[in-house]
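K.L.:
What follows is a single structure, and I will ask about it in a moment.
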Amino acid sequence: MQRASSVSPRIHGAIAHDIGVEIVGGIRKPGDVFGGEIEASEALGVSRTAYREAIRILAAKGLVESRPKAGTRVTARDRWNLLDPDVLAWTFEGEPDSEFILDLFELRGVIEPAAAGFAARRRSQAHLDEMAGALDEMARLGLADPEGRAADQRFHRAILTAAGNDALAALASSVGAAVSWTTTYKQRNRALPRDPLPDHVRVHQAIVDKDPVAAHAAMAELLRLALADMELPLRE
Numbered sequence: 000m001q002r003a004s005s006v007s008p009r010i011h012g013a014i015a016h017d018i019g020v021e022i023v024g025g026i027r028k029p030g031d032v033f034g035g036e037i038e039a040s041e042a043l044g045v046s047r048t049a050y051r052e053a054i055r056i057l058a059a060k061g062l063v064e065s066r067p068k069a070g071t072r073v074t075a076r077d078r079w080n081l082l083d084p085d086v087l088a089w090t091f092e093g094e095p096d097s098e099f100i101l102d103l104f105e106l107r108g109v110i111e112p113a114a115a116g117f118a119a120r121r122r123s124q125a126h127l128d129e130m131a132g133a134l135d136e137m138a139r140l141g142l143a144d145p146e147g148r149a150a151d152q153r154f155h156r157a158i159l160t161a162a163g164n165d166a167l168a169a170l171a172s173s174v175g176a177a178v179s180w181t182t183t184y185k186q187r188n189r190a191l192p193r194d195p196l197p198d199h200v201r202v203h204q205a206i207v208d209k210d211p212v213a214a215h216a217a218m219a220e221l222l223r224l225a226l227a228d229m230e231l232p233l234r235e
């Protein structure tokens, strides 16, 4: 039998991707049971080792569970790691539920304005330079360009880092992924309705000015406008 360490990550990563998209997209529903390992790997045309590694990836993200004699089944949604960057990407490959998008914006609304306020107090020149560089890239490329969206992610991550709180910094990958995918979603059927760069510049300037109240307010307004661009109703 092929050893797990010798299986190309691209193979079991691709299998995990395909199954993960089916799970978050509702094709495979909570409680659905997978076929046996031999049957499933043969159906996919891959080795049992590659299939097993893919299932381990999905289990680590909370999407499936495997039990002796009971097999592998899809778990309930409340067990999924919805902020895992891969799970977010798989979700936005389909048509995400509008309630989930609102969930993401509510989460960002809790985290990012506070982080901006902390960053205004604690930022270093290196943090400011990172933010400024990201803004320059956003201005040059625009958010319709993948590299422009990557710069947008860097800007938001830099703020979380500048907040000087390790727990907040640990959320950088998840928040960055949410920034990227919601921006991509806004442009799915039409161009961006307006240029959001000035909103980002206002946040940056407040952090430069060491004004935590203005930084908090500017970030909250950035998120409010970003959600309004999606034409989704605000929750009460």
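With numbering that gives the first Met the number 0 applied, the sequence shown corresponds to residues 0 to 235, in that order.
By construction, the Cβ of each residue, glycine as well, lies at the ideal position given by its N, Cα and C atoms.
For R234, I'd like the list of residues in its chain whose CB is within less than 8 Å of its CB, leaving aside the five on either flank, ordered along the chain.
P.N.:
If the five residues before and after R234 are omitted, its C-beta is found closer than 8 Å to the C-beta atoms of L101 and E105, all from its own chain and listed in chain order.
K.L.:
Please state the DSSP three-state secondary structure of Q1.
P.N.:
Below a pLDDT of 50, predicted positions are generally treated as unreliable, and Q1, at 41, falls in that range; the measurement from the model is reported next regardless. Looking at Q1 - three-state DSSP - the assignment turns out to be coil, as it is neither helix nor strand.
K.L.:
Would Q204 be called buried (16 or more neighbouring beta carbons within 10 Å of its own) or exposed?
P.N.:
exposed
K.L.:
Taking the alpha-carbon positions, what's the R2 to A49 distance?
P.N.:
Residue placement at R2 is poorly supported in this model, since its pLDDT is 42, which falls under 50; the coordinates are not used for a value here.
K.L.:
Contact between the stretch 200 to 219 and the stretch 125 to 135: three or more CB pairs below 8 Å?
P.N.:
yes
K.L.:
Could you please give the first and the last residue of the uninterrupted beta strand (DSSP E) stretch that includes S173?
P.N.:
Taken as a continuous stretch (DSSP letters only), S173 belongs to no beta strand (DSSP E), being part of the alpha helix (DSSP H) at A171 to K185.
K.L.:
Straight-line CA distance for G141 to L221?
P.N.:
16 Å
K.L.:
Quick one: what's got a C-beta closer than 7 Å to V45's C-beta in the same chain, skipping five residues either side?
P.N.:
I10 and I14
K.L.:
Going by DSSP, what residue range makes up the alpha helix (DSSP H) through T74?
P.N.:
Element bounds for T74: n/a, residue is neither H nor E.
K.L.:
Which residue or residues does DSSP assign as beta-bridge partners of R66?
P.N.:
G70
K.L.:
Just verifying my parser: in three-state terms, what is the DSSP assignment at M45?
P.N.:
The residue asked about is misnamed: residue 45 is Val in this sequence, not Met. Reduced to three states, the DSSP call for V45 is coil.
K.L.:
Are there 16 or more other CB atoms within 10 angstroms of the CB of A227, so buried, or fewer, so exposed?
P.N.:
exposed
K.L.:
Alpha carbon to alpha carbon, how far is A157 from A166?
P.N.:
14 Å
K.L.:
Is the beta carbon of D210 sitting closer than 8 Å to the one on A119?
P.N.:
Taking 8 Å as the Cβ cut-off, D210 and A119 qualify as a contacting pair.
K.L.:
Could you check whether I54 and T74 sit closer than 8 Å to each other, using their CB atoms as the reference points?
P.N.:
no
K.L.:
Report the CB separation of V23 from V86 in whole angstroms; it is logged as a contact under 8 Å.
P.N.:
V23 to V86, Cβ: 6 Å. Contact.
K.L.:
Please classify K185 as buried or exposed, where buried requires at least 16 other C-beta atoms within 10 Å of its C-beta.
P.N.:
buried
K.L.:
Closest by CA to G93, which one among V20, V109, A176 and S173?
P.N.:
V20
K.L.:
Who are the Cβ neighbours of S5 in its own chain at under 7 Å, not counting the five residues just before and after it?
P.N.:
Residue placement at S5 is flagged as unreliable, the pLDDT there being 49, under the threshold of 50; a coordinate-derived value is accordingly withheld.
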